[in-house]
Amino acid sequence: MSTSTGREDIGLIGIGLVGSAIAEHLLARGYGVVGYDIDPACCDVLSKLGGEPVSAVSQVAKRADRVFLSLLTTETVREVVEGDAGLLDTPDPPRHIIDTTTGTPDETIALAERLAGRGVGFLDATISGSSQQIRDREALFMVGGRDEPVAACRDLLDAVSEKVIHVGPPGSGSKAKLASNLILGLNRLVLAEGLVFAEKLGLDLPSFLSLLKQSPAYSVAMDVKGEKMLNSDFTAQARVSQHNKDLRIILDCADEVLQELPLAQIHHQILEQLISDGDGDLDCSAVIKAIRDRKK
Numbered sequence: 000m001s002t003s004t005g006r007e008d009i010g011l012i013g014i015g016l017v018g019s020a021i022a023e024h025l026l027a028r029g030y031g032v033v034g035y036d037i038d039p040a041c042c043d044v045l046s047k048l049g050g051e052p053v054s055a056v057s058q059v060a061k062r063a064d065r066v067f068l069s070l071l072t073t074e075t076v077r078e079v080v081e082g083d084a085g086l087l088d089t090p091d092p093p094r095h096i097i098d099t100t101t102g103t104p105d106e107t108i109a110l111a112e113r114l115a116g117r118g119v120g121f122l123d124a125t126i127s128g129s130s131q132q133i134r135d136r137e138a139l140f141m142v143g144g145r146d147e148p149v150a151a152c153r154d155l156l157d158a159v160s161e162k163v164i165h166v167g168p169p170g171s172g173s174k175a176k177l178a179s180n181l182i183l184g185l186n187r188l189v190l191a192e193g194l195v196f197a198e199k200l201g202l203d204l205p206s207f208l209s210l211l212k213q214s215p216a217y218s219v220a221m222d223v224k225g226e227k228m229l230n231s232d233f234t235a236q237a238r239v240s241q242h243n244k245d246l247r248i249i250l251d252c253a254d255e256v257l258q259e260l261p262l263a264q265i266h267h268q269i270l271e272q273l274i275s276d277g278d279g280d281l282d283c284s285a286v287i288k289a290i291r292d293r294k295k
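Numbering that gives the first Met the number 0 numbers the first residue of the sequence shown as 0 and each following residue consecutively.
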């Protein structure tokens, strides 16, 4: 919907690390952003960015034809979309919903089908990359959905990232995100283990990290998390607790298809220990802390 200034208001529900990065790009490209979050501090962040926080999901629905969701779980997505005072509980619901949540594929597919029956386009537009990578427009949108809503929302996806790939029908974005997150998380864990091993051998870690980036062992994790690991800078860009949530979904999906994921199980145990130690809100680079703490 257009405002009196002629710019379109885009809805945003969930204004955390990812949501606020999305808002920055939309505002910078001339869209209005009308947002809601249960945390007043997150609403304050949107206000400071130049967006307009509102006090209920239903108010977002009244103001925006296209709405981004950046939430923690599929259960929360269902409640926000279909619950009392949710996006659909209004005479004029949004025409398109872009869900960046890493959720359960089967439930995502079922939700997309229900929404299609009501004439609402739904995209599971999951994002591979940290909130900082989103801010740098280096993250990747992996989009599941029908062709029509993808085309209708392409301008918004392009506003947030230079890399947007339509990977298939509804649910495909969720599936791709889980598989890529499995690999990404293990890359971080392997980097942490290698750095700790090099440190114990007496190597200079900054020099060794520089060497790694020129070796066949290279991964993007070295660019994104290497310095954070070296400096024990665990300021959150992607939280331990959030990736552990994703790992639980990954392991549940693996059980459903009768596939053992031994490395993912080890990673899950390590993240569970970090959370048990009170470090769940730290950045995922904190896995190096967990490796350092493991002694024979």
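Every residue gets a Cβ at the ideal spot worked out from N, C-alpha and C, and that includes glycine.
Nearest neighbour of G102 by Cα position, chosen from N180, A151, L270, Q268, turns out to be N180.
Taking a C-beta distance under 8 Å as the contact criterion, R136 and S171 do not qualify as a contact pair.
Taking a C-beta distance under 8 Å as the contact criterion, D146 and H95 do not qualify as a contact pair.
As DSSP reads the structure, G143 sits in a beta bridge with D123, G167. For R247, same chain residues with a beta-carbon under 8 Å away, outside a window of 5 residues either side, are H267 in chain order. When Q58, P148, L262, T100 are compared, the shortest CA-CA separation from T73 is found for T100. Around the beta-carbon of L200, fewer than 16 other beta-carbon atoms lie within 10 Å, marking it exposed. The criterion of a C-beta distance shorter than 8 Å is satisfied by P104 and S173. Between the stretch 11–21 and the stretch 34–43 there are three or more C-beta pairs closer than 8 Å, enough to call the two in contact. A check of alpha carbon separations from D251 across S240, Q264, Q241, V239 identifies Q264 as the nearest. For the pair C42 and S57, the Cα-to-Cα distance works out to about 16 Å. Assigned with DSSP and collapsed to three states, E51 falls in strand. Bounds of the beta strand (DSSP E) holding L68 are 65–68. The stretch 180–192 and the stretch 150–165 do not touch, with fewer than three beta-carbon pairs separated by less than 8 Å. Residue environment: E112 is assigned as exposed (fewer than 16 neighbouring CB atoms within 10 Å of its CB, all protein chains considered). Classified as exposed, F196 has fewer than 16 neighbouring CB atoms from the shown chains inside 10 Å of its CB. Per the C-alpha coordinates, the member of D83, E81, R28, S284 positioned closest to H242 is S284. By the 16-neighbour rule on beta-carbons within 10 angstroms, P148 is buried.
DSSP places I12 in the uninterrupted beta strand (DSSP E) bounded by 8–12. Taking 8 Å as the cut-off, the beta carbon of D282 is found closer than this to the beta carbon of A237.
In the displayed model, I96 falls within a strand according to three-state DSSP. When rounded, the separation of the alpha-carbon atoms in L26 and I133 is 14 Å. A22 and A158 have their C-alpha atoms some 10 Å from each other. Collapsing the DSSP output to three states places R238 in a strand. In the three-state reduction of the DSSP assignment, G18 falls in the helix class. Taking the Cα positions, V219 is about 16 Å away from K176. In this structure V80 is in contact with L110, their Cβ atoms being roughly 7 Å apart against a cut-off of 8 Å.
Annotation: the continuous alpha helix (DSSP H) that includes G116 extends over 104–116.
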